[in-house]
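Each position in the sequence shown, counted from 1, maps to that position plus 23 in the working numbering.
The structure under discussion appears below in the form of structure tokens.
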Amino acid sequence: MRSIAVANQKGGVGKTTTSVNLAVALARAGRRVCLVDLDPQAHATLHAGVLPGSHPLSAFDVLVGGQSLAAATVAAGENLCVVPSHIDLSAVEMALAARSGRELILRQRIEADSRCNPASGTSEAFDYMVIDCPPSLGLLSLNAMAAVDEVLLPLQPHFLALHGLSKLLETIELVAEHVNPRLRLLGVVLCMYEAGTRLASEVGRDVQSFFASAGDKHPAWGSAQVFQTRVRRNIRLAEAPSFGQSIFDYAPESHGAADYAALAVEVDQAAAGLREPVRRVA
Ligand code: ADP
Ligand code: MG
């Protein structure tokens, strides 16, 4: 199973839109996908057509209540399952304050599922796990980064796009050094891209050269690719969540659907490169 956390501590950059539409695009391409919503706002849950609270268990019960990930998984379409969020997740830091190793719980749940059911545990049942992270670098994002192999970073191409990124990159590096040596920044996807504007193309180039120049010095995130696919600003992408539909169900002919389908192909193809040490991919 490939596991991807969609993370950026800034809000409103396209994390949830990317998590849901990438998950659905991969599912439509025949991959078995588990979408995990770790944002207490539960927007990914709603966007994927699952009503928060309609299922007895949520990600909160997995992290705090000792429930297995498999028990909290809800079917949400062909090849797609969702581990729903719940507003209770906003209290996870407090609920786990006294627990040691609290950043490793999600990872342990995934491993335990596979130990209990060697043929049908989480890692075996899915080709992809996509985790929608909240807009912070707190315990929920740490649990995601400790559990996955790859981070996907959505960025909005404005002139402060790289500002504040150092904290996220530092966190990826620390998690890779101390708890999850497999963790790598898979790449950057530019979201809400205004095709044809000078600013967008300049920021795109800046982001590319920033990662290219970090190269060998930062194996956990240097040499991350900037995906060729730019997700254009498209009103259909903003409308789809309120119908509980992915862009592929809501507006299959839109730019948004074309862009996320293209991104899914690129993400799927990036697997081969990632099996090599990051240094050699550069
Ligand atoms: P985050 O999860 O990082 O906070 P969201 O994915 O929720 O960001 O996106 C923030 C807002 O922008 C949402 O209202 C969403 O519908 C909208 N949005 C996201 N991507 C696009 C896009 N490419 N074009 C237009 N609106 C978008
Ligand atoms: Mg979000």
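Yeah, the Cβ is synthetic: ideal placement off N, Cα and C, and Gly gets one too.
How about residue i: is its Cβ closer than 7 angstroms to a heavy atom in ligand 2?
i: Thr39; result: yes
i: His109; result: no
i: His66; result: yes
i: Asp62; result: yes
i: Asp155; result: yes
Using 8 angstroms as the threshold, is the C-beta distance between residue i and residue j below it?
i: Leu80; j: Ala95; result: yes
i: Val18; j: Pro141; result: No statement about residue 18 is possible, as the shown extent of the chain runs from 24 to 305 and does not include it.
i: Val105; j: Val97; result: yes
i: Pro158; j: Pro107; result: no
i: Leu103; j: Val29; result: no
i: Leu129; j: Gln32; result: no
i: Glu289; j: Gln231; result: no
i: Ser146; j: Ile154; result: no
i: Tyr216; j: Arg253; result: yes
i: Leu49; j: Asp272; result: no
i: Ala65; j: His109; result: yes
i: Asp111; j: Phe83; result: yes
i: Asp282; j: Arg255; result: yes
i: Val87; j: Ala118; result: yes
i: Leu162; j: Arg125; result: yes
i: Tyr151; j: Ile270; result: no
i: Thr41; j: Cys214; result: yes
i: Leu45; j: Ala287; result: yes
i: Leu127; j: Val198; result: no
i: Asn257; j: Gly279; result: yes
i: Val212; j: Ala247; result: no
i: Phe149; j: Leu185; result: no
i: Arg25; j: Ala294; result: yes
Is the closest heavy atom of ligand 1 to the C-beta of residue i under 7 angstroms?
i: Pro204; result: no
i: Leu260; result: yes
i: Asn31; result: yes
i: Asn166; result: no
i: Gly35; result: yes
i: Arg25; result: no
i: Val254; result: yes
i: Pro180; result: no
i: Met152; result: no
i: Pro158; result: yes
i: Gly279; result: yes
i: Cys214; result: yes
i: Pro275; result: no
i: Asn257; result: yes
i: Pro264; result: yes
For the structure I just gave you, are there three or more beta carbon pairs, one from the stretch 159-174 and one from the stretch 42-58, closer than 8 angstroms?
no
Tell me the start and end of each unbroken alpha helix (DSSP H) in the stretch 51-89 that is at least 4 residues and wholly inside, in chain order.
66-70, 82-86
At 3 residues or longer, what runs of the beta strand (DSSP E) sit wholly inside the stretch 200-273?
207-213
Are the stretch 177-186 and the stretch 160-167 touching, with three or more C-beta to C-beta distances below 8 angstroms?
no
Taking contact to mean at least 3 C-beta pairs separated by less than 8 angstroms, is the stretch 241-258 in contact with the stretch 205-221?
yes
Within 8 angstroms, do at least three Cβ pairs link the stretch 259-266 to the stretch 64-72?
yes
Minimum length 3: unbroken beta strand (DSSP E) runs contained in the stretch 139-167
151-155
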